[in-house]
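Engineer:
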Amino acid sequence: MERDAEEVHIRRALKHDLDAIERLEMAAFSHDQLPRDSLRYYIGAPSVSMLIAEAQRGICAYALVAFHRRSIVGRLYSIAVASDCAGRGVGRKLMSACEASARLRGAHWMRLEVRPDNGGAIALYRNLGYRQFAEVEDFYEDGSNALRLEKPLTAEALTRPRPRPSRM
Ligand SMILES: CC(C)(COP(=O)(O)OP(=O)(O)OC[C@H]1O[C@@H](n2cnc3c(N)ncnc32)[C@H](O)[C@@H]1OP(=O)(O)O)[C@@H](O)C(=O)NCCC(=O)NCCS
-7 MERDAEEVHI RRALKHDLDA IERLEMAAFS HDQLPRDSLR YYIGAPSVSM LIAEAQRGIC
53 AYALVAFHRR SIVGRLYSIA VASDCAGRGV GRKLMSACEA SARLRGAHWM RLEVRPDNGG
113 AIALYRNLGY RQFAEVEDFY EDGSNALRLE KPLTAEALTR PRPRPSRM
């Protein structure tokens, strides 16, 4: 049975969202969770966009994109959708908002890492036009590799040399 698309509002994360964001992070990942102190630091930090998806029943997803000075690449650090909101287009909507935010900051590319066994996330990213450009060995805490994916965000990205992959 097809589920209805979730009505969500995307906005910037605020300090009072910290508990909800931490709950999402802890529920979504069994390894490499961002600790509460880091999440607190990132909310409102100038070097990142932290976005929240809010449904009528409350916060159901968050995403974090980091930007380095003078870089034309935004880097998706985390995206987590609550399991009871999954499969309703929230992840896709949040990713689009992250990309829009990256463009506003002058980024021409988005890059991210994903575990090779995370089929749902890989399907989401491929569906949105991300392509693998590298694989990093022993990337995660448990020794798992990471696939590195990227997507051009602007027409201009395709007219320039690809930015060099950062060292991991
Ligand atoms: C991966 C995740 C962000 C997807 O969010 P979501 O809101 O469920 O995804 P959406 O409903 O927006 O799905 C959009 C597309 O992604 C793909 N997709 C998402 N989840 C999928 C799954 N479990 N299996 C297969 N495809 C999936 C589909 O192509 C889907 O398009 P469709 O609905 O037209 O088939 C979410 O499951 C999650 O938070 N997982 C745990 C944390 C995580 O793994 N984060 C990524 C770390 S790199």
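Position 122 of the sequence shown, counted from 1, bears residue number 114 in our numbering, the numbering being contiguous throughout. Positions of the beta carbon are idealized from the N, C-alpha and C atoms, including for glycine. The model shown is predicted, which means the values in this text are computed figures rather than measured ones.
(1) Using the three-state DSSP reduction, which class does L16 fall into: helix, strand or coil?
(2) Does the segment 89 to 106 come within contact of the segment 58 to 69, defined as at least 3 CB pairs closer than 8 angstroms?
(3) Taking three-plus beta-carbon pairs below 8 angstroms as touching, is the segment 120 to 134 in contact with the segment 15 to 31?
(4) So, A99 versus G121, is the Cβ gap smaller than 7 angstroms?
(5) Just reading off the beta strand (DSSP E) that S41 is part of, what are its end residues?
(6) Between the alpha carbons of I71 and L6, how many angstroms are there, rounded?
(7) When we look at the beta-carbon of D109 and count the other beta-carbons within 10 Å, is it buried (16 or more) or exposed?
(8) Are there any heavy atoms of ligand 1 lying less than 6 angstroms away from the beta-carbon of V40, as far as the coordinates show?
(9) Is F125 near R107, with beta carbons less than 7 angstroms apart?
(10) Put L145 into one of helix, strand or coil per three-state DSSP.
(11) Counting only beta-carbon atoms, is H100 nearer than 7 angstroms to chain C?
Structural biologist: Put simply:
(1) helix
(2) Two segments are said to touch when three or more pairs of C-beta atoms, one from each, lie closer than 8 angstroms; by this definition the segment 89 to 106 touches the segment 58 to 69.
(3) yes
(4) no
(5) 40 to 47
(6) I71 and L6: Cα-Cα distance of roughly 16 angstroms.
(7) Exposed, by the Cβ-count rule.
(8) no
(9) no
(10) coil
(11) Given the protein chain composition of this structure (a single chain), no chain C is represented.
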